[in-house]
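To start, the structure itself, in structure tokens.
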Amino acid sequence: MLLKSEFFVGDVLKIAPELLGKVLVKRDGATDIRMVINEVEAYDGESDKACHASRGRTPRTEVMYGPAGHWYVYLVYGMHYMLNIVTGEIGYPSAVLIRGTFEVSGPGRLSKALGVDMSFNSKESSGTTGLWIEDGYNISSSCKVEATERVGVDYADEWAKKPYRFLLKDHLVS
DNA sequence: ACGATGATGAAC
DNA sequence: TTCATCATCGTA
């Protein structure tokens, strides 16, 4: 079942771990590519120094101020597209970076495998877009969620140390 | 350990 | 208009 935009309205720190075990789907011609999310990071508002919105509204960060359930895509290191989904109320910039799946590890490789590029930026997560998230596994009971520091944000002072990266450990049980 | 590779945002 | 800085990855 496709997760509607309302699912992404709320606290990014609550929503991010809930995306673990969910299924990222990309329509690819006649078929769909489906991958089970097992690694995410939360980026929480202007006060979060690791969040791009910590420098306020810019052309790039504008989408994070918009409605939840839209994609935030950007290019890093001149070659990798990062796939994020916007969360929270309109006007509050926050998003979840989808860092990896069981099928493909690493945010850059994930986007490459799915064919995600800037054309998805600011589009809604939906069948119309051809890129969406579906309900997947119930991870509440027998799977462990590990929280660690986020990757590659050493510059963010005390915000670099916050446990905003969530990983799914062990196996999945439906 | 390091280079590839280009958009971004801040400074000048 | 220039410049440092990247939410990375493959090769060494």
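First residue of the first sequence: 0, per numbering that gives the first Met the number 0; consecutive thereafter. From the three backbone atoms N, C-alpha and C, an ideal C-beta is built for every residue, glycine too.
Are the beta-carbon atoms belonging to Ser125 and Leu82 less than 7 Å from one another? Taking the C-beta atoms as reference points, Leu82 is found no nearer than 7 Å to Ser125.
Collapsed DSSP secondary structure at Leu19 in the structure displayed: Leu19 falls in the coil class under three-state DSSP.
So, using beta-carbon positions, are Gly44 and Ala67 closer together than 7 Å? No, Cβ-Cβ distance for Gly44 and Ala67 is not below 7 Å.
Tell me which same chain residues have a C-beta within less than 6 Å of the C-beta of Lys122, skipping the five on either side of it? Annotation for Lys122: Trp70 and Thr128 place their beta carbon closer than 6 Å to its own, counting only its chain and skipping 5 residues before and after.
For Ile138, I'd like the list of residues in its chain whose CB is within less than 6 Å of its CB, leaving aside the five on either flank, ordered along the chain. Around Ile138, the same chain offers Leu19 and Gly20 as residues with beta carbons nearer than 6 Å, after the five sequence neighbours per side are excluded.
Ignoring anything shorter than 3 residues, give me the beta strand (DSSP E) runs that lie fully in the region 138-167, in order along the chain. Complete beta strand (DSSP E) runs here, min 3: 143-147.
Hey, out of His79, Lys143 and Ala146, whose CA is closest to Asp116's CA? Cα-wise, what sits closest to Asp116 is His79.
Helix, strand or coil for Met117 per DSSP? Note: Met117 maps to helix in three-state DSSP.
What number of angstroms, rounded off, separates the C-alpha of Glu17 from the C-alpha of Leu96? Straight-line Cα distance between these residues: approximately 13 Å.
Assign Thr147 to buried or exposed, taking buried as 16 or more other Cβ atoms, counted over all protein chains shown, within 10 Å of its Cβ. Label assigned to Thr147: exposed.
Leaving out the 5 sequence neighbours to the left and right, which residues in its chain are closer than 8 Å to Thr100 when beta-carbon positions are compared? Here the set comprises Leu23, Met34, Val35, Ile36, Asn37, Glu38 and Leu109.
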